[in-house]
Amino acid sequence: MKKVCISDFTLRQSTKGGLSLSFREMASLAKCLDQLGVDSIDLIAVKNKKEDAIINRTIAAAAKNAIVCIPAGFSEDEVDAAWACVKDAQKPCLQVALPTSTVQMEYSHHMKADKMAQKAAELVACAKSRCSLVEFVAIDASRAERSFLVELCQKVAQSGATAVTLCDDAGIMTPKAFAQMVEQVKAAIDIPVWVCPSNALGMAAAAAVEAIEAGADGVKTTVSDCSTLGISQFADIMHTLGDSLKIESGLDLTGIHHAVSAFSHDAGTAPEAAGFAAEEQSALMLGGDSTIGDVAKACCGLGYDLSEEDTGKVYEEIKRVTAQKDSVGAKELEAIIASAAMQVPSTYHVDSYVCNTGNLITAMASVTLMKDGDKINGISTGDGPIDASFRAIEQAIGHHYELDDFQIQAVTEGREALGSALVRLRSNGRLYSGNGLSTDIVGASIRAFINALNKIVYEEN
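In terms of our numbering, the sequence shown is residues 1410 to 1870.
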């Protein structure tokens, strides 16, 4: 029986939109997958060095069985940043992920094939000097010129790559064509070949089976993304066809279905199999009279090991929230931790805001901020109170930032629901995200904007 390895990249996919996972949900899901026999887990790329490094280091340290893989970036500095996140893991792996089709090479990196091959070999060698396991991910391999793809895989293998992954990002490959590509690459190199089929045409499972029969050593899966091969679907294949195909895996087939079901029941909610009890969460309540010791204990009970400074930030935020409502529960506490803890030093603070709006008047907002002990104020109109508030903030700071994304949702139910806002600002080509919490959704949006703004100021200064 041939063992087929399973790699899950749900965490990686969560950063590309659609599924939004909190820090704790990422850690819980990774722990669950590790316990259920997944061979490797793909971490998120390091874009924000402080926040992403904390997330990746926490997950990497918690993985006991699975290999933890992290993108190594496009430069030596990025390789070092990635390595710092996983160097303490029991089984770390650095990934060099580069486009291999002509259109993607020229569009994303403005490189011709020969230059990309040289860059790939250099990055793999650089990663190999840090880590014994190096995976080369051939992005858009299905549209690459086959001769170039085979030659590139040979070069990265010679440079120290310990595995190669072939991706059908465009979703254009039939199962037989995928198998042919695997056969050609397998014949040219003597290291494991993994596949990442697309489910754009509903053929991911068939493509995976054909690729395995052609010699593929592993497959990439996700828990919830329907555009890729689902881990529960592949578990069904192993259960039903494993004997006839003479293949096996280390997956807990029953546990995988339970975890996926729990995860999908409420999108963005990590499965209970990850090791925390729902009844304990629902019983947790903090009020205005709770001490900082109570807050620290509650955070610890939810699995967070916060520093004294972060615990203090969470405590202050709870005091602010409980001034507007009687208490906060576990779900609200998690949202507060995600919003208040593990953030950069604040240059700007919200002092006050006033919004006027209605169906017969143009929305207007006045926002007062604190910076270095001084108050600065901005007043502006806009298309609704939130837009007016954002414009008022920009008037106060004297700078405009492109709003790349804005999302709002209720953290809890009821009339006193705690609202969560997500703001993504773009500055000098980079994205900065901020979260805000309040029983007032306008206030949550303002706090999210300021949170993202503080990250920009911290990074650029």
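Using N, Cα and C, we set each Cβ at its ideal position, and we do this for glycine too.
> Enumerated in chain order, which unbroken segments of the alpha helix (DSSP H) with a length of 4 residues or greater are wholly contained in the segment 1451 to 1497?
Replying inline: For the segment 1451 to 1497, whole alpha helix (DSSP H) runs of length 4 or above, ordered along the chain, are 1458 to 1471 and 1485 to 1495.
> Would the beta-carbon of C1414 fall within 8 Å of that of D1461?
Replying inline: Here residue 1414 refers to the residue found at position 5 when the sequence shown is read from its first residue. Here residue 1461 refers to the residue found at position 52 when the sequence shown is read from its first residue. No; because the gap between Cβ atoms is not below 8 Å, this pair is not in contact.
> Span of the beta strand (DSSP E) holding V1559?
Replying inline: Locating residue 1559 in the sequence shown gives position 150, where the first residue counts as 1. Run containing V1559: none in the beta strand (DSSP E); it sits in the alpha helix (DSSP H), R1555 to Q1567.
> Hey, G1791 and I1802: beta-carbon distance below 8 Å or not?
Replying inline: To locate residue 1791, count along the sequence shown from 1; it is residue 382. To locate residue 1802, count along the sequence shown from 1; it is residue 393. Not closer than 8 Å, so no.
>> Rounding to the nearest angstrom, what Cα-Cα distance links A1705 and S1716 in this structure?
In response: One-based indexing of the sequence shown puts residue 1705 at position 296. One-based indexing of the sequence shown puts residue 1716 at position 307. Rounded to the nearest angstrom, the two C-alpha atoms are 9 Å apart.
> Among I1600, F1587, P1606 and F1643, which has the Cα closest to the Cα of A1882?
Replying inline: Missing from the structure shown is residue 1882; the chain here goes from 1410 to 1870 and no further.
> From V1604 to L1610, what does the alpha carbon distance come to, in whole angstroms?
Replying inline: Walking along the sequence shown from the start, residue 1604 turns up at place 195. Walking along the sequence shown from the start, residue 1610 turns up at place 201. Approximately 16 Å between the Cα atoms of the pair.
> Mind checking V1866: buried by the 16 CB within 10 Å criterion, or exposed?
Replying inline: Residue mapping note: residue 1866 aligns to position 457 of the sequence shown, counting from 1. Label assigned to V1866: buried.
>> Measuring alpha carbon to alpha carbon, tell me which residue in N1837, A1830 and D1549 is nearest F1858.
In response: Along the sequence shown, one-based indexing puts residue 1858 at 449. Per the C-alpha coordinates, the member of N1837, A1830 and D1549 positioned closest to F1858 is A1830.
> DSSP state of K1722, grouped into three classes?
Replying inline: Within the sequence shown, the letter at position 313 stands for residue 1722. Correct three-state label for K1722: helix.
>> Taking the straight line between their C-alpha atoms, what separation do you get for L1602 and N1860?
In response: One-based indexing of the sequence shown puts residue 1602 at position 193. One-based indexing of the sequence shown puts residue 1860 at position 451. Note on identity: in this sequence residue 1602 is Val, with Leu being the wrong assignment. Looking at the two C-alpha atoms, the distance is approximately 42 Å.
> Sorted by chain position, which residues of the same chain lie with C-beta nearer than 7 Å to L1576's C-beta, five sequence neighbours on each side aside?
Replying inline: Within the sequence shown, residue 1576 is the residue found at index 167, counting from 1. Correcting the residue identity first, residue 1576 is Cys in this sequence and not Leu. Counting only Cβ-Cβ distances below 7 Å, and skipping sequence neighbours, we find V1546, A1547, I1548, D1549, A1550 and C1605.
> For L1710, which of E1725, M1694, A1475 and M1525 has the nearest alpha-carbon?
Replying inline: Counted from its first residue, the sequence shown places residue 1710 at position 301. It should be noted that the sequence gives Gly, not Leu, for residue 1710. For the residues E1725, M1694, A1475 and M1525, the minimum Cα distance to G1710 belongs to M1694.
> Can the beta-carbon of S1699 be found less than 8 Å from the beta-carbon of V1669?
Replying inline: As a first step, residue 1699 is located in the sequence shown; it is residue number 290 there, counting from the start. As a first step, residue 1669 is located in the sequence shown; it is residue number 260 there, counting from the start. Taking 8 Å as the Cβ cut-off, S1699 and V1669 do not qualify as a contacting pair.
> Looking at A1774 and V1763, is the spacing between their C-beta atoms short of 8 Å?
Replying inline: Residue mapping note: residue 1763 aligns to position 354 of the sequence shown, counting from 1. Residue mapping note: residue 1774 aligns to position 365 of the sequence shown, counting from 1. Yes; because the gap between Cβ atoms is below 8 Å, this pair is in contact.
>> Within the continuous beta strand (DSSP E) that includes C1708, where are the two ends?
In response: Walking along the sequence shown from the start, residue 1708 turns up at place 299. Here C1708 belongs to no beta strand (DSSP E); instead the alpha helix (DSSP H) covers I1701 to G1710.
> Taking the beta strand (DSSP E) that C1540 falls in, what are its first and last residues?
Replying inline: The residue you call residue 1540 lines up with position 131 of the sequence shown. No beta strand (DSSP E) contains C1540, which DSSP labels as neither H nor E.
> Hey, how far is the Cα of V1488 from the Cα of Q1504?
Replying inline: For the purposes of this step, residue 1488 is identified with residue 79 of the sequence shown, where counting begins at 1. For the purposes of this step, residue 1504 is identified with residue 95 of the sequence shown, where counting begins at 1. One C-alpha to the other measures close to 9 Å.
> In the structure shown, what three-state DSSP assignment does G1828 receive?
Replying inline: For this step, residue 1828 is matched to residue 419 along the sequence shown. Note: G1828 maps to strand in three-state DSSP.
> Using the rule of at least 16 other Cβ atoms within 10 Å of the residue's Cβ for burial, across every protein chain shown, is I1770 buried or exposed?
Replying inline: As a working mapping, residue 1770 is identified with position 361 in the sequence shown. The residue is exposed, with fewer than 16 neighbouring Cβ atoms inside 10 Å.
>> Can you look up P1794 in the DSSP assignment and give me helix, strand or coil?
In response: As a working mapping, residue 1794 is identified with position 385 in the sequence shown. Residue state, collapsed to three classes: helix.
> If you draw a straight line from the C-alpha of I1855 to the C-alpha of C1635, how long is it?
Replying inline: Taking the first residue of the sequence shown as 1, we reach residue 1855 at position 446. Taking the first residue of the sequence shown as 1, we reach residue 1635 at position 226. Going by the C-alpha atoms only, they are around 34 Å apart.
> In terms of residue numbering, what span does the beta strand (DSSP E) encompassing R1552 cover?
Replying inline: Indexing the sequence shown from 1 puts residue 1552 at position 143. DSSP places R1552 in no beta strand (DSSP E); its state is neither H nor E.
> Are C1540 and C1502 closer than 8 Å when you measure CB to CB?
Replying inline: Within the sequence shown, numbered from 1, the residue matching residue 1540 stands at position 131. Within the sequence shown, numbered from 1, the residue matching residue 1502 stands at position 93. Cβ distance < 8 Å, so C1540 and C1502 count as in contact.
> Which partner residues does A1774 have in the DSSP bridge list?
Replying inline: Here residue 1774 refers to the residue found at position 365 of the sequence shown. DSSP output for A1774 lists C1764 and S1789 as bridge partner(s).
> From E1689 to C1441, what distance separates their C-alpha atoms?
Replying inline: Here residue 1689 refers to the residue found at position 280 of the sequence shown. Here residue 1441 refers to the residue found at position 32 of the sequence shown. Residue confidence is low: E1689 scores 43 on pLDDT, short of 50, so the model does not pin down where it sits. Its coordinate-derived value is still stated next. Looking at the two C-alpha atoms, the distance is approximately 18 Å.
>> I need the straight-line Cα distance from A1470 to L1660, nearest angstrom please.
In response: Taking the first residue of the sequence shown as 1, we reach residue 1470 at position 61. Taking the first residue of the sequence shown as 1, we reach residue 1660 at position 251. Distance from the CA of A1470 to the CA of L1660, rounded to the nearest whole angstrom, comes to 21 Å.
> Excluding sequence positions up to five away, which residues of its chain have a Cβ less than 7 Å from the Cβ of A1491?
Replying inline: Locating residue 1491 in the sequence shown gives position 82, counting from the first residue. These residues qualify, in order along the chain: V1455, I1479, P1480, A1481, G1482 and L1503.
>> Output needed for S1691: all residues of its chain with C-beta closer than 6 Å, excluding positions within five of it in sequence on either side, in chain order.
In response: For the purposes of this step, residue 1691 is identified with residue 282 of the sequence shown, where counting begins at 1. Residue placement at S1691 is poorly supported in this model, since its pLDDT is 45, which falls under 50; the coordinates are not used for a value here.
> Is M1410 helix, strand or coil when you go by DSSP?
Replying inline: On the sequence shown, residue 1410 is found 1 positions in, with the first residue counted as 1. Coil, per DSSP.
>> Give me, in chain order, the residues of the same chain whose beta-carbon lies closer than 6 Å to that of Q1733; leave out the 5 immediate sequence neighbours on both sides.
In response: Mapped onto the sequence shown, residue 1733 falls at position 324. T1848, listed in sequence order.
> If you run the structure through DSSP and keep just helix, strand and coil, what is Y1757?
Replying inline: Within the sequence shown, the letter at position 348 stands for residue 1757. Y1757 falls in the strand class under three-state DSSP.
> Near S1836, what residues of its chain come up, given a Cβ to Cβ distance below 6 Å and the 5 sequence neighbours on each side ignored?
Replying inline: If you number the sequence shown from 1, residue 1836 lands on position 427. Cβ neighbours of S1836 beyond the five flanking positions: Y1810 and I1865.
> Got a sec? Which residues, its chain only, sit under 7 Å from P1794 by beta carbon, not counting five neighbours each side?
Replying inline: Here residue 1794 corresponds to residue number 385 of the sequence shown, with the count starting at 1. Same-chain partners within the cutoff: C1764, T1766, A1772, A1774 and V1851.
> Whole-angstrom Cβ separation of S1607 and A1613, contact assumed at under 8 Å?
Replying inline: Looking up residue 1607 in the sequence shown gives position 198. Looking up residue 1613 in the sequence shown gives position 204. Contact between S1607 and A1613 holds, with the beta-carbon distance rounding to 6 Å and staying under 8 Å.
> Taking the alpha helix (DSSP H) that A1588 falls in, what are its first and last residues?
Replying inline: One-based indexing of the sequence shown puts residue 1588 at position 179. Looking at the DSSP string, the run of the alpha helix (DSSP H) that includes A1588 is P1584 to A1597.
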